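Down below is the structure, laid out as structure tokens.
There are 2 protein chains.
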Amino acid sequence: MDRELLKGSTPLLLLSLLCEGPMYGYQIIETVRQRTGGTYTLKEGALYPALHKLEATEFIASYWETQENGRERRYYSLQPAGAAFLAAKKKEWNQFVDMVQAFVGPRA
Amino acid sequence: MDRELLKGSTPLLLLSLLCEGPMYGYQIIETVRQRTGGTYTLKEGALYPALHKLEATEFIASYWETQENGRERRYYSLQPAGAAFLAAKKKEWNQFVDMVQAFVGPRA
DNA sequence: CAATGTGCCTCGCAAAGCGATGGCCGTCAA
DNA sequence: TTGACGGCCATCGCTTTGCGAGGCACATTG
């Protein structure tokens, strides 16, 4: 998958995922990898900066949770502002797809 | 339209347009602007570098044409290699859309 | 003559993904 | 007991790409 296409779609993906419930970083990566059948492996170098940025703008929040074995995980959860932003992003996404489709032509 | 979403979609757009026949830069910008109803205005700073790169890889070729009034235009035309690349890009695009759609959910 | 439109282009900047790298700590096999 | 593996966090420098601004040249129109 072309790296450039992904640009800008990452926040949309993250917000959408977190809309289903809180998740932690590693889990996000694995979930994406599995759901796409391995087609898309979200990289750590892309994930964490994106997550931190989303948190800085308060679209998501994070909290540490200790597992039974004593290890820690950092969970991220969608905030109200993030949900609103997600809705806007979705609209934009659909608009974007329509636009490209108009030039490329309908699905083969 | 979010600039980041566009990244990587430009070559696809250009190749698709040139698939309809040779065009020159200014014409491309106008065509995109009109077809999208002004939603998307392809910028020169994005267009020309992309065009030149496509030409460097021989996906497109260019030639100057003199108009009746003596002015010159540089036309770009799709090459065989570009057509093949376009086909591959289209596939990738559809795959990409499917992927995001899978997370975002179907069209509202 | 001036303003506008056509038409080409480049430069420096910002943003985002990538690969590499690093660190911490359980678990399980050798 | 030691070492490899995997879960889990994160950062750094590089590259790519679009953008805004700028520049140049010429034709038409008022």
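Sequence order for the protein chains is G and F.
Okay, so the first sequence: first residue is 1 according to this note's numbering, each after it adds one.
Okay, so the second sequence: first residue is 1001 according to this note's numbering, each after it adds one.
Ideal placement from N, C-alpha and C gives every residue a C-beta, glycine not left out.
What you are looking at is a predicted structure, and each value in this text was computed from that prediction instead of being measured.
Please confirm whether residue i has its beta-carbon closer than 8 Å to some beta-carbon of chain G.
i, result
"T1057(F)", "no"
"L1078(F)", "no"
Measure from the C-beta of residue i to each C-beta in chain F and report whether the shortest distance is under 8 Å.
i, result
"M1(G)", "yes"
"E4(G)", "yes"
"G8(G)", "yes"
"R35(G)", "yes"
Against residue i, what residues of chain F qualify as contacts under a CB-to-CB distance less than 8 Å, listed in chain order?
i, result
"R107(G)", "N1094"
Taking Cβ to Cβ, would you say residue i is nearer than 8 Å to residue j?
i, j, result
"L1013(F)", "V100(G)", "yes"
"A61(G)", "E55(G)", "yes"
"L42(G)", "I29(G)", "yes"
"Y1063(F)", "M1023(F)", "no"
"T31(G)", "Q1095(F)", "no"
"A81(G)", "E58(G)", "yes"
"A974(F)", "R107(G)", "Here chain F covers residues 1001 to 1108 and nothing more, so residue 974(F) does not appear."
"G8(G)", "D1002(F)", "yes"
"A1083(F)", "C1019(F)", "yes"
For a contact meaning CB atoms closer than 8 Å, what does residue i contact in chain G?
i, result
"L1017(F)", "F103"
Based on the DSSP output, what are the partners of residue i in its beta bridges?
i, result
"S77(G)", "A61(G)"
"M1023(F)", "Y1076(F)"
"T1119(F)", "In the structure as shown, chain F begins at 1001 and stops at 1108. Residue 1119(F) is therefore absent and cannot be evaluated."
Item checked: Contact residues within the segment 1040-1068 of chain F, judged by C-beta distance below 8 Å to chain G -> Y1040
Margin query: Tell me which residues of the segment 1090-1104 of chain F have at least one Cβ-Cβ distance to chain G shorter than 8 Å, keeping chain order.
Written below: K1090, K1091, E1092, W1093, N1094, Q1095, F1096, V1097, M1099, V1100, A1102, F1103, V1104
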